[in-house]
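Number of protein chains: 2
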Amino acid sequence: MTTSTTTADRIADHLRSQIAAGQLAGGDRVKERDVAQLLGASRGPAREALRILEREGLLEIRPYSGARVVRIGKTEVAEIVTLRRQVEYFAIGNAALSSDPKVVAELKDLAAQMREAHRAREAMKLIDLDLKFHLRICEASGHSTLIAMMRTLLPRLTILWYPQVFKGHTPESFEESHLKMVRAIENRDVAEAIHATDQHIENFTFDLELRLAKPPSSMLAS
Amino acid sequence: MTTSTTTADRIADHLRSQIAAGQLAGGDRVKERDVAQLLGASRGPAREALRILEREGLLEIRPYSGARVVRIGKTEVAEIVTLRRQVEYFAIGNAALSSDPKVVAELKDLAAQMREAHRAREAMKLIDLDLKFHLRICEASGHSTLIAMMRTLLPRLTILWYPQVFKGHTPESFEESHLKMVRAIENRDVAEAIHATDQHIENFTFDLELRLAKPPSSMLAS
DNA sequence: ATATGCTATATTGTCAACCATCTATATTAT
DNA sequence: ATAATATAGATGGTTGACAATATAGCATAT
């Protein structure tokens, strides 16, 4: 649970979790007033939070018509995974070239934290750490536009991933998969970095299922 | 001047033009109140507009510290052009596969409009049309994430391009460069589509200069 | 002169109440 | 059943106020 600086961020975090966990399903409507009251805030920050989630591709907003949770179909899944792969290649390639020891240390730390979160079965925390890990790699490149693109991609991946976050790997294998990427960065081995990334993505998308839209289920849905 | 639906969009459009034209230079501060009053609006929409431009990578916003126009250096220029190339390959490849006649017609129309805007030396209109053109190619793919990424990229390109928008080509050569892409889509020729895109980007980036930050210059700067 | 800490001020962050405007739904008339 | 019309509900936008924070400027100490 990251202590965000602004109310809008806090609200966005909360809604993001709800969406990832499926408490807000595809097609559900999200109203400014409900969101605001739920977190004890006013409409301003709530509105802002919805825009944040729109940019992340988790909500669709149409003027005067409100926000709805996006429906993600098979096409989108394939699309997101493909784009993610390309962006991550680019990112880790650059990270391997610069190979900042400080970044390497941080990544190793994140990998260890993920292992623990995995052991503790803290799904949301694990996802949050994983996002931080892959975003850190982008940030290491120092390319602001690349970071922006990654920010566009990662939240969408979250939705796909959450339902089966512990599936197909152990805390140790999960950590190892990440560490392979880190070591490649550490050794300035661009080819290996990309290969490790390829494997990493492959390991955790082999049976990604789309989450079908289901009937309204949450207290936010109307 | 595009007639936007919401006030925030209108404000964002206005500021985007100012930034592209250099009336707001890198490092300049942009205040909510000033922006609001300038367009006869209140702080709400102004705030929203700033967030829009932040997402587009034209502004940097820090909590309680305000928004500043980003400084774009040589590194960023190279980065943006490279990423743009990759995204556009992906987009036009998909567009060529689907090859929607309606889209093709729209693209041809846009190319013609660009020729006229070029003849009339209407820089901002030309850029606006060009953005529409390339965005339309993305939209043709139907990939919402790809569209999101393109929306991240295009506004940044605008800043780089504006200072020399008419340089290195005639209205006719400019139209032809776009038409080559359109015809490739029309003929479902993926390889040619990518080649045409490559040429197109190459033609108009050969001597992209970075715009250096300069002293505050506008009525919005403080 | 430089560095440090404090104060003052401007700006952002947030709230609340209110009205305008539009969308979508329900209703009515044909 | 269909089309035109009301109605309700939500969003878009305004105003004014206040709280929280960062930054610049000033005083002080080194």
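The listed protein sequences derive, respectively, from chains Y and L.
Following my numbering, the numbering of the first sequence begins with 1039 at its first residue and continues without gaps.
Following my numbering, the numbering of the second sequence begins with 1039 at its first residue and continues without gaps.
Where is the CB? At the ideal position from N, CA and C, for every residue including glycine.
All figures in this text were calculated on a predicted structure; none of them were measured in a lab.
- Item | Spatial distance of F1242(Y) from G1206(Y) (CA atoms) | The residue you call residue 1242(Y) lines up with position 204 of the first sequence. The residue you call residue 1206(Y) lines up with position 168 of the first sequence. Their backbone Cα atoms lie some 8 Å apart in a straight line.
- At a Cβ cut of 9 Å, what residues of the segment 1167-1187 of chain Y count as close to chain L, listed as they run along the chain? S1179, G1180, H1181, S1182, T1183, L1184, A1186 and M1187
- Candidates S1137(L), F1212(L), A1074(L) and I1130(L): which alpha carbon is nearest I1165(L)'s? Position 127 of the second sequence, counted from the first residue, corresponds to residue 1165(L). With distances taken between Cα atoms, I1165(L) lies closest to F1212(L).
- Let me know the secondary structure DSSP gives V1203(L) once reduced to three states. Within the second sequence, residue 1203(L) is the residue found at index 165, counting from 1. Here V1203(L) sits in coil by DSSP.
- Message: When you compare the segment 1079-1095 of chain Y with the segment 1146-1153 of chain L, are there three or more beta-carbon pairs, one atom per stretch, that lie closer than 8 Å?
- Response: Pairwise C-beta distances place the segment 1079-1095 of chain Y out of contact with the segment 1146-1153 of chain L, as fewer than three of them are shorter than 8 Å.
- Item | Short CB-CB distance (under 8 Å) between L1053(Y) and chain L | Working through the first sequence from its first residue, we reach residue 1053(Y) at position 15. Taking Cβ atoms only, chain L never reaches closer than 8 Å to L1053(Y), which makes this a no.
- Would you kindly work out how many angstroms separate the C-alpha atoms of N1132(Y) and T1190(L), rounded to a whole number? Translated into the one-based positions of the first sequence, residue 1132(Y) becomes position 94. Translated into the one-based positions of the second sequence, residue 1190(L) becomes position 152. N1132(Y) and T1190(L): Cα-Cα distance of roughly 20 Å.
- Apply the 10 Å Cβ neighbour rule to M1257(L) and answer buried if 16 or more other Cβ atoms are within range, or exposed otherwise. If you number the second sequence from 1, residue 1257(L) lands on position 219. Because the pLDDT at M1257(L) is just 30, under 50, the model does not fix this residue reliably, and the value given afterwards should be weighed accordingly. Classification of M1257(L): exposed, given that the 10 Å Cβ count is below 16.
- Mind checking which residues open and close the beta strand (DSSP E) that includes E1263(L)? Because chain L spans 1039 through 1260 in this model, residue 1263(L) falls outside it and cannot be assessed.
- Message: Please list, in chain order, the chain Y residues whose beta carbon lies closer than 7 Å to that of T1235(L).
- Response: On the second sequence, residue 1235(L) is found 197 positions in, with the first residue counted as 1. Within chain Y, no residue comes near T1235(L); the closest Cβ sits about 16 Å away, beyond 7 Å.
- Closer than 8 Å to chain Y by CB, R1089(L): Counting from one through the second sequence, the residue named residue 1089(L) turns up at place 51. Cβ-Cβ to chain Y under 8 Å: yes for R1089(L).
- Item | Sequence-distant residues of its chain with Cβ nearer than 8 Å to F1171(L) (five each side left out) | Counted from its first residue, the second sequence places residue 1171(L) at position 133. So the qualifying residues of the chain are L1145, L1148, A1149, M1152 and H1216.
- Beta-ladder partner(s) of V1115(Y), from DSSP: For the purposes of this step, residue 1115(Y) is taken as the residue at position 77 of the first sequence. Residue pairing of V1115(Y) in beta bridges, as defined by DSSP: absent, with no partner found.
- Query: Are the segment 1105-1122 of chain Y and the segment 1060-1069 of chain Y in contact at 8 Å, needing three or more beta carbon pairs?
  - Reply: yes
- Message: Between I1118(L) and chain Y, is the shortest Cβ-Cβ distance under 8 Å, so that the two count as touching?
- Response: Translated into the one-based positions of the second sequence, residue 1118(L) becomes position 80. So, interface residue.
- Message: If the cut-off is 7 Å on Cβ atoms, which residues from the segment 1118-1141 of chain L count as contacting chain Y, listed in chain order?
- Response: Result list: I1118, L1121 and Q1124.
- Query: Name the DSSP bridge partner or partners of R1106(L)?
  - Reply: Position 68 of the second sequence holds residue 1106(L). The partner list for R1106(L) (beta bridge, DSSP) reads R1067(L) and E1098(L).
- Query: Quick one: is K1252(L) buried, meaning 16 or more other Cβ sit within 10 Å of its Cβ, or exposed?
  - Reply: Position 214 of the second sequence, counted from the first residue, corresponds to residue 1252(L). Low local confidence applies: a pLDDT of 38 at K1252(L) is under 50, so the model's placement there is unreliable, with the coordinate-based value given in what follows. By the 10 Å Cβ count, K1252(L) comes out exposed.
- Query: Whole-angstrom Cβ separation of E1117(Y) and H1181(L), contact assumed at under 8 Å?
  - Reply: Sequence index remark: in the first sequence, residue 1117(Y) carries index 79 (1-based). Sequence index remark: in the second sequence, residue 1181(L) carries index 143 (1-based). So it is a contact: roughly 5 Å between Cβ atoms.
- Query: Tell me which same chain residues have a C-beta within less than 6 Å of the C-beta of E1094(Y), skipping the five on either side of it?
  - Reply: Locating residue 1094(Y) in the first sequence gives position 56, counting from the first residue. Counting only residues of its own chain and dropping the five nearest sequence neighbours on each side, E1094(Y) has a CB closer than 6 Å to the CB of P1193.
- Message: Tell me the rounded alpha-carbon separation between A1231(Y) and K1218(Y).
- Response: Working through the first sequence from its first residue, we reach residue 1231(Y) at position 193. Working through the first sequence from its first residue, we reach residue 1218(Y) at position 180. Answer to the nearest angstrom: the Cα atoms are 8 Å apart.
- Query: Within the chosen definition, does the segment 1123-1132 of chain Y reach the segment 1219-1230 of chain Y through at least 3 CB pairs nearer than 8 Å?
  - Reply: yes
- Message: Quick check: the Cα distance between E1086(L) and I1099(L), rounded to an integer number of angstroms?
- Response: For the purposes of this step, residue 1086(L) is taken as the residue at position 48 of the second sequence. For the purposes of this step, residue 1099(L) is taken as the residue at position 61 of the second sequence. Between E1086(L) and I1099(L), the alpha-carbon positions lie close to 12 Å from each other.
- Query: Leaving out five residues before and five after E1177(Y) in sequence, what residues of the same chain have Cβ atoms less than 7 Å from its Cβ?
  - Reply: Position 139 of the first sequence, counted from the start, is the residue given in the question as residue 1177(Y). So the qualifying residues of the chain are I1185.
- Item | Outcome for S1103(Y) when other beta-carbon atoms lying within 10 angstroms are tallied against a minimum of 16 | Numbered from its first residue, the first sequence carries residue 1103(Y) at position 65. With fewer than 16 other Cβ atoms within 10 Å, it is exposed.
- Message: Please report whether the beta-carbon of P1101(L) lies at a distance below 8 Å from any beta-carbon of chain Y.
- Response: Locating residue 1101(L) in the second sequence gives position 63, where the first residue counts as 1. Closer than 8 Å to some Cβ of chain Y, the Cβ of P1101(L) qualifies, so yes.
- Reduced DSSP secondary structure (H/G/I, E/B, other) of T1044(L): As a first step, residue 1044(L) must be located in the second sequence, where it is residue number 6. The answer is coil: DSSP assigns T1044(L) none of H, G, I, E or B.
- Report the rounded CA-to-CA distance for G1064(L) versus K1163(L), giving the unit in angstroms. The sequence position of residue 1064(L) within the second sequence is 26, counting from 1. The sequence position of residue 1163(L) within the second sequence is 125, counting from 1. Computed Cα separation, rounded: 22 Å.
- Report yes or no: is there a C-beta of chain L within less than 8 Å of the C-beta of E1114(Y)? As a working note, residue 1114(Y) is residue 76 in the first sequence. For E1114(Y), the answer is yes, since a Cβ of chain L falls inside 8 Å of its Cβ.
- Go through its chain and collect everything with a Cβ distance to L1173(L)'s Cβ below 8 Å, but skip five positions before and after it. For the purposes of this step, residue 1173(L) is taken as the residue at position 135 of the second sequence. Here the set comprises I1185, M1188, R1189 and L1192.
- Query: For E1225(Y), does the three-state DSSP call read helix, strand or coil?
  - Reply: Along the first sequence, read from residue 1 onward, the residue named residue 1225(Y) stands at position 187. It is Asn, not Glu, that sits at residue 1225(Y) in the sequence shown. Correct three-state label for N1225(Y): coil.
- Task: For M1039(Y), I'd like the list of residues in its chain whose CB is within less than 7 Å of its CB, leaving aside the five on either flank, ordered along the chain.
- Result: Taking the first sequence and counting its residues from 1, one reaches residue 1039(Y) at position 1. Note that M1039(Y) scores 38 on pLDDT, short of 50, meaning its location in the model is unreliable; the coordinates nonetheless yield the value given after this. Cβ neighbours of M1039(Y) within its own chain (closer than 7 Å, five residues either side excluded): none.
- Item | Near-chain Y residues of the segment 1057-1088 of chain L (beta-carbon distance less than 9 Å), N- to C-terminal order | G1082, R1085 and E1086
- Supposed contact pair V1228(Y) and A1134(Y) - C-beta distance, whole angstroms, cut 8 Å: Position 96 of the first sequence, counted from the first residue, corresponds to residue 1134(Y). Position 190 of the first sequence, counted from the first residue, corresponds to residue 1228(Y). Taking 8 Å as the upper bound for CB-CB distance, A1134(Y) and V1228(Y) are in contact here, some 5 Å apart.
- Message: With the cut-off set at 8 Å, would you say L1096(L) and I1049(L) are in Cβ contact?
- Response: Looking up residue 1096(L) in the second sequence gives position 58. Looking up residue 1049(L) in the second sequence gives position 11. No.
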